[in-house]
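Participant: This is the structure I want to talk about, given as structure tokens.
Protein chains: 2
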Amino acid sequence: MKTYTIGEAARELNLTPYTLRYYDKEGLMPFVERTSGGTRFFKESDLEALRIIECLKSTSMPIKEIKTFIDWCSDGDATLQQRFDMFRERKATVETQMRELLKTMQVIEHKCEYYRIALAAGTEKVHRHKQTRRRCRTDQHESPNAQQKRISPGEPELILL
Amino acid sequence: MKTYTIGEAARELNLTPYTLRYYDKEGLMPFVERTSGGTRFFKESDLEALRIIECLKSTSMPIKEIKTFIDWCSDGDATLQQRFDMFRERKATVETQMRELLKTMQVIEHKCEYYRIALAAGTEKVHRHKQTRRRCRTDQHESPNAQQKRISPGEPELILL
DNA sequence: CTAAGCCTTAGAGTTAACTGTAAGTCAAGC
DNA sequence: GCTTGACTTACAGTTAACTCTAAGGCTTAG
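Residue numbers (this note's numbering), protein chains in the order written: chain A, 1 to 161; chain B, 1001 to 1161.
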């Protein structure tokens, strides 16, 4: 069966040997074997496992939690329920992340349009009227905590939305 | 016009006052004004700007790059093109992130199914046959770099995919 | 008038996840 | 046999993004 040195495995996974050694130290790779000389060698199944680890990492799962999962894997069938629950939870996390990314996308697209129009007009001022209108609607009462007098009265305001 | 103290603004944005002061120190909030006593007060428009900053942050944009954008905003119409380009680039980034999240989701769902079946069977062994078959297909040649003899011959392999 | 509860700054500490260094081992090629 | 280049460990350093501490200031309630 084909095996890989740490450098080859790192290339395969788009990581560095440093990172793989770090993962090993953190207990993420108890399955990786060594030669008699102490050199790690990675099997296909190890790369598969690392791809799962990378997948979990891409859901912003911290390395310590991934280690818990790896420990469960080592414990065998007794931990099937925990592992199932963990993936269900991950699924919910990813769904949330997708919803938030979609919201982000909408804002970004709105800004693209904003700047497309501003560029066409040669100035951001084309958006000024809309801004003033919007601000007026929320312009109703002072904060009870804002009792101190303000300095720097009416600077040319930055426009960010 | 209603204004907010740093604590109120933080609550509004789901951040801490520490974080907002940190952003200010990093130059992300040159638009936030102060009372004569030096206390920051946040206007609606400042909260809007901070929401954009949070949006950019959610695309994994580092704070230093966000500062560049804020500086461009302060520079006015001369930087419209840069800002437009920046948002186009952000859009591409988010599209990539969405594609990757979708791939992640597929793997997670596959694992959910894997564990649903294993739980029903009471053991992960139900997936063993498939695993062996799959491994055989890639079981064709030794790595030219794997010349050292292996220790720990045939442990019960962890199953992770 | 003083205590509570905000706010301020400078600067130190924390955390996660690497990233690199130093000193040494090992196998291959000249 | 010696150099090359990949590997090893232990451990120190880096980076980003906070997060907190200490010392102090301002405004309101009692």
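C-beta atoms are modelled at their ideal positions from N, C-alpha and C, and glycine is treated no differently.
(1) Looking at chain B, which residues of the region 93-117 of chain A have a Cβ within less than 7 angstroms of any of its Cβ atoms?
(2) Please tell me whether phenylalanine 1041(B) and threonine 1003(B) are closer than 8 angstroms, where the distance is taken between their beta carbons.
(3) Looking at the structure shown, is aspartate 1085(B) part of a helix, part of a strand, or coil, going by DSSP?
(4) Could you name the residues of the region 1045-1070 of chain B whose beta carbon sits closer than 7 angstroms to any beta carbon of chain A, in the order they occur along the chain?
(5) As a quick exercise: from Met1086(B), Ser1058(B) and Leu1028(B), pick the residue whose alpha carbon is nearest that of glutamate 113(A).
(6) Give the interface partners of arginine 90(A) over in chain B, defined as CB-CB distance under 7 angstroms, in chain order.
(7) Where does aspartate 46(A) land, buried or exposed, given buried means 16+ other C-beta within 10 angstroms?
(8) By Cβ distance below 8 angstroms, which residues in the same chain neighbour threonine 1035(B) in space, the five residues on each side in sequence not counted?
(9) Report the residue from Gly1122(B), Gln1081(B) and Ile1117(B) whose alpha carbon sits nearest the alpha carbon of arginine 116(A).
(10) Apart from the five residues just before and just after glycine 27(A), which ones in its own chain have a Cβ nearer than 7 angstroms to its Cβ?
(11) With DSSP as the reference, identify every bridge partner of proline 1003(B), one or two as the case may be.
(12) State the beta-bridge partners of glutamate 33(A) as determined by DSSP.
(13) What are the start and end residues of the alpha helix (DSSP H) that includes lysine 1064(B)?
(14) Nearest chain A C-beta to leucine 1015(B) closer than 8 angstroms, yes or no?
(15) Does the beta-carbon distance from glutamate 48(A) to lysine 1091(B) come in below 8 angstroms?
(16) Within 8 angstroms of any Cβ in chain A, is that where the Cβ of arginine 1083(B) sits?
(17) For threonine 132(A), would you say it is in contact with chain B, using Cβ-to-Cβ distances shorter than 8 angstroms as the test?
(18) By DSSP, does leucine 119(A) sit in helix, in strand, or in coil?
(19) Between which residues of its own chain and alanine 1009(B) is the CB-CB distance below 7 angstroms, once the five residues before and five after are set aside?
(20) Could you spell out the range, first to last residue, of the alpha helix (DSSP H) harbouring threonine 171(A)?
(21) Figure out for me which residue from Asp1077(B), Gln1097(B), Pro1030(B) and Gly1076(B) has the closest Cα to the Cα of methionine 1061(B).
(22) Is there a Cβ from chain B that is less than 8 angstroms from the Cβ of glutamate 26(A)?
(23) Would you tell me roughly how many angstroms separate the C-alpha atoms of threonine 104(A) and leucine 56(A), rounded to the nearest one?
(24) Would you mind telling me which residues of chain B sit closer than 7 angstroms to leucine 80(A), beta carbon to beta carbon, in chain order?
(25) Compare the C-alpha of threonine 1005(B) against each of His1129(B), Gly1038(B) and Lys1064(B) and name the closest.
Facilitator: According to the structure shown:
(1) Val94, Gln97, Met98, Glu100, Leu101, Thr104, Met105, Val107, Ile108, Glu109, Lys111, Cys112, Tyr115 and Arg116
(2) yes
(3) helix
(4) Ser1045, Glu1048, Ala1049, Ile1052, Cys1055, Ser1058 and Thr1059
(5) Met1086(B)
(6) Ile1108
(7) buried
(8) Phe1041
(9) Gln1081(B)
(10) Lys67 and Ile70
(11) A small correction: the amino acid at residue 1003(B) is threonine; proline does not occupy that position in the sequence shown. Its beta-bridge partners are Lys1043(B).
(12) Phe41(A)
(13) 1063-1075
(14) no
(15) no
(16) yes
(17) Bear in mind that a pLDDT of 49 at threonine 132(A), under 50, signals an unreliable position, so the number given afterwards is only what the model happens to contain. Chain B contact via Cβ: absent.
(18) helix
(19) Leu1020, Phe1042 and Leu1047
(20) In the structure as shown, chain A begins at 1 and stops at 161. Residue 171(A) is therefore absent and cannot be evaluated.
(21) Gln1097(B)
(22) no
(23) 22 angstroms
(24) Tyr1115, Ala1118, Leu1119 and Glu1124
(25) Gly1038(B)
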